[in-house]
C-alpha cells in the first residue's frame, strides 16, 4: 500500500510519499470547513482506512496502536450533502503535464462513483495538474464514459479541457467547487434545503 | 481515546474494550453489503479515524505504521445513498437494561446529525440493548428533541419503546433497517432511483 496524503507533519520530511496530494487535500478540507461553518453543505473527508494489527494499553482509557497498515480504500474520499442532494467525489493530484494516469484511481472507486450516480447522487473527480497549475472538476459520467469507450491508461488533458470545468483558487472558499456543481447539475437540487439563501 | 469496534480478531481476547460494539457493527456491515450487492443502496461504514505518528518503510511500496492513536470521530460512522436520498446514522450497543447513556454519542456527532437533517438528509441512530436483546431505530429528530427538552444523561428505554421502531434480525438482510426507513420517511424518496423494483 502506498502512503496516503495528509499526515505530512507527523513524519520525517525525507519520506518518499509524504508530500503526495497534501496541498489539494488541505485546500478541499478548508473549503469543506467553510461550507460547514456557513451552513452551505455538510461534506467531510473520510478517514484513511487502516488495518490495526497491534494495540498497547498503557492505561484503561488510552490505547496506542503499535502496528498497522494502510488499506486500499473501497470508496471515494469525500462525501456529504448539499441542498438535499448526496455528493461524492475523489480528489487527485498529478505532476504529469499531458495526461491523468488512471492508475491514480482504483477500479472499485470508479465502480463506487458509478453506483452513486445510478442511485441518484452526484459523483465527480477533482484533478490537479500541479505542474501546469490547472485544476479541473470532471463529472463522474464523463470519467466513466471515457473509461468505457477507450482502452487507454490515462486521460489526456485535452479531454479535461473539452469536458471538465476549470476550478479557480480564491481567498475563501479556497476552491469553490460547489459553485461549479451548481452549474453542472442545475435543476437537480431541492432549493428548500438551500439554508444559505 | 477508548477502543473502537471492529478489530477484535487482531488483538488479545482479554483486552477490556475488544468486544465493544463488534456484533452490531458486523451485522450492519453484512446488511450494507447485501444492499450494495443487490443494488438497493450504497451505504458504507467510514474507517475509524486514526492519527498516525510514525511510519516505517521496509520498501518503497510498503509502509508499516509503528505509532498511532485513535481520534474522536467528527461525524457518524455510516453514510450513503438510498433511492436518491442521503442517509446518515450511528450505531451503538449498550449493556444497560434501563436506559441508553448519552455518553455513548459525542456532542459533535449529534450536531452532525442535526446538520444532516437541516440540509435535507435522513439521520438516525440504531441502538442495541444487548442484555435485553432489543434493537431500535430512533429518528435523529427524536434524539435531538430528547436532548434539547430534557437535561438527562441517558435516554430511558421507555422513550425508545414510545418513539423508536424495533428492528428484527433476519437471515438476510441481517438487519433490514431500510425497510423501517421506508416506513418512517415515506414520501421523501425519489422512486425513480429505486433500482431494485
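Chains as they are written, first to last, in my numbering: chain V, 4 to 200; chain Z, 4 to 200. C-beta atoms are modelled at their ideal positions from N, C-alpha and C, and glycine is treated no differently. As the structure is a computational prediction, the values presented were derived from the model and not from experiment.
- A distance below 7 angstroms between beta-carbons, with the five flanking residues on each side excluded, links residue 39 (chain Z) to the following residues of its chain, in chain order: 45.
- Using a 10 angstroms sphere on the CB of residue 64 (chain V), the tally of other CB atoms stays under 16, which defines it as exposed.
- Here residue 170 (chain Z) is buried, its C-beta having at least 16 other C-beta atoms within 10 Å.
- When DSSP states are grouped into helix, strand and coil, residue 64 (chain V) belongs to the coil group.
- In this structure, DSSP gives residue 106 (chain V) a helical state, which the three-state scheme calls helix.
- Partner residues in the beta bridge of residue 158 (chain V), as assigned by DSSP, are V:103.
- About 6 angstroms separates the beta carbons of residue 92 (chain V) and residue 128 (chain V), which is inside the 8 angstroms limit, making them a contact pair.
- For residue 125 (chain Z), the uninterrupted beta strand (DSSP E) segment begins and ends at 125 to 132.
- Residue 168 (chain V) is positioned such that its CB atom lies no closer than 8 angstroms to that of residue 116 (chain V).
- Taking a Cβ-Cβ cut-off of 8 angstroms, residue 148 (chain Z) has no neighbours in chain V, whose nearest Cβ is about 20 angstroms from it.
- Contact residues of the region 24 to 38 of chain Z toward chain V are absent (C-beta to C-beta distance below 7 angstroms).
- When secondary structure is reduced to three states using DSSP, residue 54 (chain V) falls in the strand class.
- Within the same chain, 102, 103, 105 and 149 come within 7 angstroms of residue 158 (chain Z) by CB-CB distance, once the 5 residues on both sides are set aside.
- Burial of residue 68 (chain V) is indicated by the presence of at least 16 other C-beta atoms within 10 angstroms of its C-beta.
- For residue 163 (chain Z), the three-state secondary structure derived from DSSP is helix.
- What residue 87 (chain V) touches in chain Z, judged by beta-carbon distance under 9 angstroms, is 88, 89, 122, 123 and 124, going in chain order.
- Sequence-distant Cβ neighbours of residue 140 (chain Z) in its own chain, meaning closer than 7 angstroms and more than five residues away, are 127, 129, 167, 168, 170, 180 and 183.
- Residue contact with chain V for residue 163 (chain Z): absent (no Cβ-Cβ distance below 8 angstroms to any residue of chain V).
- Taking the Cβ atoms as the reference, residue 86 (chain V) lies roughly 43 angstroms from residue 70 (chain V), outside the contact range of under 8 angstroms.
- With distances taken between CA atoms, residue 47 (chain V) lies nearest to Z:112 out of Z:156, Z:112, Z:144 and Z:135.
- For residue 78 (chain Z), the nearest beta carbon of chain V is closer than 8 angstroms to its own beta carbon.
- Residues of chain Z whose Cβ lies closer than 7 angstroms to the Cβ of residue 49 (chain V) are, in chain order, 49 and 50.
- Using a CB distance cut-off of 8 angstroms, residue 70 (chain Z) counts as an interface residue toward chain V.
- Listed by position along chain Z, the residues whose Cβ is nearer than 7 angstroms to that of residue 118 (chain V) are 45.
- Annotation for residue 186 (chain Z): the continuous alpha helix (DSSP H) segment containing it runs 180 to 187.
- Residue range 143 to 152 is occupied by the alpha helix (DSSP H) that includes residue 152 (chain Z).
- Counting only Cβ-Cβ distances below 8 angstroms, residue 99 (chain V) has no contacts in chain Z at all, with the closest Cβ about 19 angstroms away.
- Excluding its 5 nearest sequence neighbours in each direction, residue 55 (chain Z) has C-beta neighbours in its own chain below 6 angstroms: 68 and 71, listed in chain order.
- Pairing residue 27 (chain Z) with residue 94 (chain Z) gives a Cβ-Cβ distance under 8 angstroms.
- At the C-beta level, residue 74 (chain V) and residue 108 (chain V) stay beyond 8 angstroms of one another.
- With a 10 Å radius around the Cβ and a threshold of 16 neighbouring Cβ atoms, residue 186 (chain V) comes out exposed.
- Counted as a single uninterrupted DSSP element, the beta strand (DSSP E) harbouring residue 85 (chain Z) occupies residues 81 to 85.
- Chain Z places a beta carbon closer than 8 angstroms to that of residue 67 (chain V), counting this residue as a contact.
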